[in-house]
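Engineer: Under the numbering used here, the first residue of the sequence shown carries the number 13, and numbering increases by one thereafter. Yeah, the Cβ is synthetic: ideal placement off N, Cα and C, and Gly gets one too. One structure follows; several queries about it will come next.
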Amino acid sequence: MTVLGLIRGHRWPTLFGCGLFIGMMSVGYAYNVTFIQLGLIDLGERLLGMEQQTIAGQMALLAICTCGVALMTGSLMMRSHWGKTLAGKLRLAWVSVTLQTLLTWVAPSVTTQSAFTVWIVAASLALGIGVPATFSLTVDFIPRRARGYAAAAITAGAYFLAAVVLTEWRIETFAAQMLILMIPGWALISLLAFVPLPFMRHLADQHWQPAFGDGRFVRRDTAGRAQVLRKPLALILIMFGVFFVDSLGFLRLLETPVYMNTAWQAPDPDIRLFIGAMHVLGALAAGILYTAFDEHQLFLWIFGIFALVHLMYSLHLRTAPGESAPLAMPMLYAIAVSLYTVVNFALWADISTADTISRNTAVGVAFSGWTATFLSTALAIQWQRAGMPLETHLNIVDSFALLFFLALLVGIFWKPRVPPSEGKL
């Protein structure tokens, strides 16, 4: 089921649902990787004058609270069957977007550490509700065969926006730019969640169709019971490693002007446009590969590229410290980030049914995404405060990437020998 197929079949509600989901998730992810991950650090350091150790603690609090709220919300959605009700999910998403919009508006006005802590807790509530509510919309809006491509479109939009449009990494700028997108989005979700539009009835029933409800890695037996063909715990651990390696490395590079001023924060718009284009190309490649091949092969590429790129940064520090870095390094970094983000947006729905997606996305995104990202953020801040040299920091990150790469390689290609059955010739 492709865009052209939807157009030829005049399936306008389905096409609208795909566009709505891609746009909503693109803005949401761009918000998380810029305003939340970068903007809050700027707020704490520059405006509030907080010590790095205190900021690290606040980021860890954000991760833990968000994870807890997401797990509770996802479990409640599954038990109460909200996860199978489009109107219920849209109303939960409306609650999340409303809170996030208000919190974004007031964030630059936070003036005390206690107010910052209150803001963190409130943001955790909004984000924790939003994770299962929005990710579970996949079964309502995106056909199974199109999920890799939809994830590619989300990733491309989010990172192009973050790399090219959101140019000044200050909390005031992030807030102003994100509100331009969030306020119209809030108005649209308000309309869809509370006004009974005729075409929404069609979208509300799509998760019952075979092309939507069950994920790519789900099979049903003769009794109709769903069976997952992948081990969810293993996938969560692998994705935790991906997010952890990425954030642990990037947050330290963020504090190194020679790498930021010649790449992600370069005054030359052509450089930022180049990095944005690499994100888009990496996302499109990942969407095609995820759809056509086994996801484990993508994980090997992800960890392999992360190991290579951090090795390049380490070699640059040893051979040409202080000099501008070649664009090959941020280019590879952008490709690796786009690869794993596509997997993250498609994978949880593909190991779920309409009944289980709210719980599975809550567990997957909360643990592998939020917890890994912000715990590694807190650890990166702590290491920098302790005076760890950048080269040592990157060597550790590189070691983590290689460790996960080798473990994944062994897990894929090493098959234990099964002894022959007794009495078998």
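1. Pull the bridge partners of Val240 from the DSSP assignment, please.
2. Looking only at its chain, what residues have a beta carbon closer than 6 Å to the beta carbon of Ala295, apart from the 5 residues adjacent to it on each side?
3. How would you call Lys101, buried or exposed, if buried means at least 16 neighbouring beta carbons within 10 angstroms?
4. With a threshold of 7 Å on Cβ separation, who are the neighbours of Ala174 within its own chain once the five nearest residues in sequence on each side are excluded?
5. When you compare the stretch 97-115 with the stretch 140-160, are there three or more beta-carbon pairs, one atom per stretch, that lie closer than 8 Å?
6. Going by beta-carbon coordinates alone, are Ser275 and Ala188 separated by less than 8 Å?
7. Compute the beta-carbon to beta-carbon distance between Gly299 and Phe417, rounded to the nearest angstrom, for a pair I have assumed lies under 8 Å.
8. Using CA coordinates, which residue listed in Asp306, Met62, Ile76 and Val177 is at the minimum distance from Met122?
9. Within a Cβ cutoff of 6 Å, which residues of the same chain sit near Ala75, ignoring the five residues on either side of it in sequence?
10. Applying the 10 Å Cβ sphere with the 16-neighbour rule, what's the burial state of Trp220?
11. Return yes when the Cβ of Ile369 is within less than 8 Å of the Cβ of Ala348, no when it is not.
12. Pair every Cβ in the stretch 255-265 with every Cβ in the stretch 388-399, then say whether three or more of these pairs are closer than 8 Å.
13. Please go through the same chain and pick out, in chain order, the residues whose beta-carbon is closer than 8 Å to the beta-carbon of Glu403, but skip the five residues on each side of it.
14. From the DSSP output, in three-state form, read off Thr353 for me.
15. For Thr185 and Leu339, I'd like the C-alpha separation in whole angstroms.
16. For the alpha helix (DSSP H) containing Ile9, list its first residue and its last residue.
17. Quick one, are the C-beta atoms of Leu285 and Val409 less than 8 Å apart?
18. Need the endpoints of the alpha helix (DSSP H) that Glu57 sits in, please.
19. Who are the near neighbours of His322 in its chain, counting only those whose CB is closer than 7 Å to its CB and skipping five residues on each side?
Structural biologist: Taking the coordinates as given:
1. Val230
2. Ala164, Thr167, Ala168, Ser350 and Val354
3. buried
4. Ala42, Val45 and Thr46
5. yes
6. A quick correction: the sequence has Ala, not Ser, at residue 275. Contact flag unset, no.
7. Contact doesn't hold; Cβ gap of about 22 Å is too wide.
8. In the sequence on display, residue 122 carries Val and not Met. When only C-alpha atoms are compared, the closest one is Met62.
9. Trp382, Thr383, Phe386 and Leu387
10. exposed
11. no
12. yes
13. Ser326, Leu329 and Arg330
14. helix
15. 26 Å
16. With the chain covering 13 to 437 only, the question about residue 9 has no answer from this structure.
17. no
18. Here Glu57 belongs to no alpha helix (DSSP H), and DSSP marks it neither H nor E.
19. Gly261, Leu406, Val409, Asp410 and Ala413
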